[in-house]
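Q: I am attaching a structure below and will ask some questions about it afterwards.
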Amino acid sequence: MQIIDSHCHINFPELGEDIEGILKRMEENSVTKALCVSVQLEKLDEILDLATKYPNIYASVGVHPDNENCEEPTTEQLVKLSNHPKVVAIGETGLDYFRAKGDTEWQRERFRAHIDAAKITQKPLIIHTREAGNDTLDILREQGRGKVRGVMHCFTETLPFALASIELGFLISFSGILTFKNAEDIRTVAKAIPIDSIMVETDSPYLAPMPHRGKTNEPSYVRFVLEELARVKELPVDVVAQKTTENFHTLFLNNESTESIL
């Protein structure tokens, strides 16, 4: 069985000092790959160094929508940086109105720059959306419909949002939130949508799944998300592992090296 953590931040200080231990625990838990996701360009070199050094670590290029006081990316810059051979995605990008104060047009302009970069590079988008679902879908429809694909990461939206995202060519990725006692609405979404549209992630070092909630999260814990997803969908764990791994390969790696997972 192979499991992939489709979204983590192992370059963050909480995890960056224990990379060898993290990789060892990944191996012990059948977690064969992890995608380390960029949230600001100033720290991108850390991610690229990890992806270059370790064959099973991949990278993205992007600036998180909640990072207001950081280097503002241009489409041209994102395209150039994505030429690195281990960069498989643009993001994380999107809209986050949860803590936003005042005008949020800067977020929408940043999002559009990432969408344009994804169209040029033909790399998938990693989308973060929080309290901004309608605007997220509207911008994708007007600027990216039929031209971009990607994933709605750490999914916490509604079933109609999930179905609209799938219709636009996006996968849905569930994090440790799926295991939380009060997340029945998220489990309802997971049960309703097709397994062909699902990936799993940790978003580590945050959102550790049960039974590790409240602790520092890490990629090996994605196994608990996978097991909960299998329970919710009433499918064998190995089947869910295979399908979510195939989905990752199809979206990010263009079916690279899928023979070993079939």
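The sequence shown runs contiguously to residue 396 in the numbering used here. C-beta: ideal position from N, C-alpha, C; glycine also. All figures in this text were calculated on a predicted structure; none of them were measured in a lab.
Using the Cα positions of E151 and E276, report the straight-line distance between them to the nearest angstrom.
A: By one-based count along the sequence shown, residue 151 stands at place 17. By one-based count along the sequence shown, residue 276 stands at place 142. About 42 Å.
Q: Taking 8 Å as the cut-off, does the segment 228-238 touch the segment 261-281 (at least 3 CB pairs, one atom from each stretch)?
A: Yes, the segment 261-281 touches the segment 228-238.
Q: Excluding the 5 residues preceding and the 5 following A296 in the sequence, name in chain order all residues of the same chain whose CB lies nearer than 6 Å to its CB.
A: If you number the sequence shown from 1, residue 296 lands on position 162. Closer than 6 Å at Cβ, skipping near neighbours: I306, V323 and I327.
Q: Smallest Cα separation from E205: which of T379, K177, I311 and A193?
A: Taking the first residue of the sequence shown as position 1, residue 205 is located at position 71. With distances taken between Cα atoms, E205 lies closest to K177.
Q: Would a C-beta distance cut-off of 8 Å place R283 and P258 closer than the cut-off?
A: On the sequence shown, position 149 is the one that residue 283 refers to. On the sequence shown, position 124 is the one that residue 258 refers to. For R283 and P258, yes; Cβs fall inside 8 Å.
Q: Between I332, E368, P219 and A251, which has its C-alpha nearest F289's C-alpha?
A: As a working mapping, residue 289 is identified with position 155 in the sequence shown. It is I332.
Q: Specify, as a first and last residue, the run of the beta strand (DSSP E) that K167 falls within.
A: As a working note, residue 167 is residue 33 in the sequence shown. Residues V165 to C170.
Q: Apply the 10 Å Cβ neighbour rule to K236 and answer buried if 16 or more other Cβ atoms are within range, or exposed otherwise.
A: Numbered from 1 along the sequence shown, position 102 holds the residue referred to as residue 236. What sits at residue 236 in the sequence shown is Gly, not Lys. With fewer than 16 other Cβ atoms within 10 Å, it is exposed.
Q: For D139, does the count of other Cβ atoms within 10 angstroms reach 16, so buried, or fall short, so exposed?
A: By 1-based counting over the sequence shown, the position of residue 139 is 5. Looking at its Cβ environment, which holds 16 or more other Cβ atoms inside 10 Å, D139 is buried.
Q: Do L385 and A375 have their beta-carbon atoms positioned less than 8 Å apart in this structure?
A: Walking along the sequence shown from the start, residue 375 turns up at place 241. Walking along the sequence shown from the start, residue 385 turns up at place 251. Not closer than 8 Å, so no.
Q: Over what stretch of residues does the alpha helix (DSSP H) that includes G267 continue unbroken?
A: The sequence position of residue 267 within the sequence shown is 133, counting from 1. Segment G267 to G278, the alpha helix (DSSP H) holding G267.
Q: Quick check: the segment 169-188 against the segment 244-258, are at least 3 beta-carbon pairs closer than 8 Å?
A: Flag = no, the segment 244-258 and the segment 169-188 do not touch.
Q: According to DSSP, is V195 helix, strand or coil?
A: Position 61 of the sequence shown, counted from the first residue, corresponds to residue 195. Looking at V195 - three-state DSSP - the assignment turns out to be strand.
Q: Beta strand (DSSP E) containing M125: first to last residue?
A: The shown model of the chain, from 135 to 396, leaves out residue 125, and the question about it has no answer.
Q: Using only the alpha-carbon positions, how far apart do N351 and L341 sit?
A: Sequence index remark: in the sequence shown, residue 351 carries index 217 (1-based). Sequence index remark: in the sequence shown, residue 341 carries index 207 (1-based). Rounded to whole angstroms, N351 to L341 spans 6 Å at the Cα level.
Q: Within its chain, find whatever has a CB closer than 6 Å to the CB of M160; leave out the 5 residues flanking it on each side and keep chain order.
A: Here residue 160 is taken as the residue at index 26 of the sequence shown, counted from 1. For M160, where only same-chain residues beyond five positions count, the Cβ hits under 6 Å are P353 and S354.
Q: I'd like to confirm the pairing. Which residues does DSSP put opposite C142 in its beta bridges?
A: On the sequence shown, position 8 is the one that residue 142 refers to. Paired residue(s): C170 and S338.
Q: DSSP has H262 in a bridge; who is on the other side?
A: Indexing the sequence shown from 1 puts residue 262 at position 128. Its beta-bridge partners are G228.
Q: Mark T208 as exposed unless 16 or more other C-beta atoms lie within 10 angstroms of its C-beta, in which case mark it buried.
A: Start at 1 with the first residue of the sequence shown, and residue 208 comes out as number 74. With fewer than 16 other Cβ atoms within 10 Å, it is exposed.
Q: Could you name the residues of the same chain whose beta carbon sits closer than 6 Å to that of D200, not counting the 5 residues immediately before and after it, in chain order?
A: To locate residue 200, count along the sequence shown from 1; it is residue 66. Once the five neighbours on either side are set aside, the close Cβ partners of D200 are D230.
Q: Per DSSP, what kind of secondary structure is F295 in: helix, strand or coil?
A: Along the sequence shown, one-based indexing puts residue 295 at 161. Helix.
Q: Which residues in the same chain have their Cβ closer than 7 Å to the Cβ of F232, if we skip the five residues on either side of it in sequence?
A: Translated into the one-based positions of the sequence shown, residue 232 becomes position 98. Correct list, in chain order: R264 and E265.
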